[in-house]
Amino acid sequence: MALFTGYIADEKGYDRIQWLLAGFLFGPLGMFAAVGLPDKKLRRDIRAGFENLFTLGVDTRPQSYPTVKKGPFNASGDLPAIPPLPEP
Numbered sequence: 037m038a039l040f041t042g043y044i045a046d047e048k049g050y051d052r053i054q055w056l057l058a059g060f061l062f063g064p065l066g067m068f069a070a071v072g073l074p075d076k077k078l079r080r081d082i083r084a085g086f087e088n089l090f091t092l093g094v095d096t097r098p099q100s101y102p103t104v105k106k107g108p109f110n111a112s113g114d115l116p117a118i119p120p121l122p123e124p
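Numbering of the sequence shown is given in this note's numbering, commencing with residue 37 and proceeding in unit increments.
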């Protein structure tokens, strides 16, 4: 169990030896703690990806917002004419 705890911590970017000892001393509790650790490697990769976007000059903000009509009104503010139903 201690080896698996060290492996999990190492894959997440933490010191393998310290977590191996935690797994040895605390058993399953140490392993569950290692599973709950945030992933340092993933955060580093995500941050590097965003930094590369900004150095390339990519603007991540939306350029324009779509116009949303609220309600069934036309441009003059009146309700549109409802066509009559066809006769059966």
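The beta-carbon is built from N, C-alpha and C at its ideal position, and this holds for glycine as well.
Taking 8 Å as the cut-off, decide whether the C-beta atoms of residue i and residue j are in contact.
i: residue 7; j: residue 69; result: With the chain covering 37 to 124 only, the question about residue 7 has no answer from this structure.
i: residue 48; j: residue 65; result: no
For the alpha helix (DSSP H) holding residue i, just list the boundary residues, first then last.
i: residue 64; result: 64–71
i: residue 39; result: 38–47
Quick check on residue i: buried or exposed, where buried means 16 or more other Cβ atoms within 10 Å of its Cβ?
i: residue 85; result: exposed
i: residue 82; result: exposed
i: residue 59; result: buried
i: residue 44; result: buried
Excluding sequence positions up to five away, which residues of its chain have a Cβ less than 8 Å from the Cβ of residue i?
i: residue 53; result: 42
i: residue 40; result: 59 and 67
Can you give me the Cβ contacts of residue i inside the same chain, cut-off strictly under 7 Å, excluding the 5 residues immediately before and after it?
i: residue 63; result: 37
i: residue 119; result: none
i: residue 61; result: none
Give me, in chain order, the residues of the same chain whose beta-carbon lies closer than 6 Å to that of residue i; leave out the 5 immediate sequence neighbours on both sides.
i: residue 46; result: 52
i: residue 80; result: none
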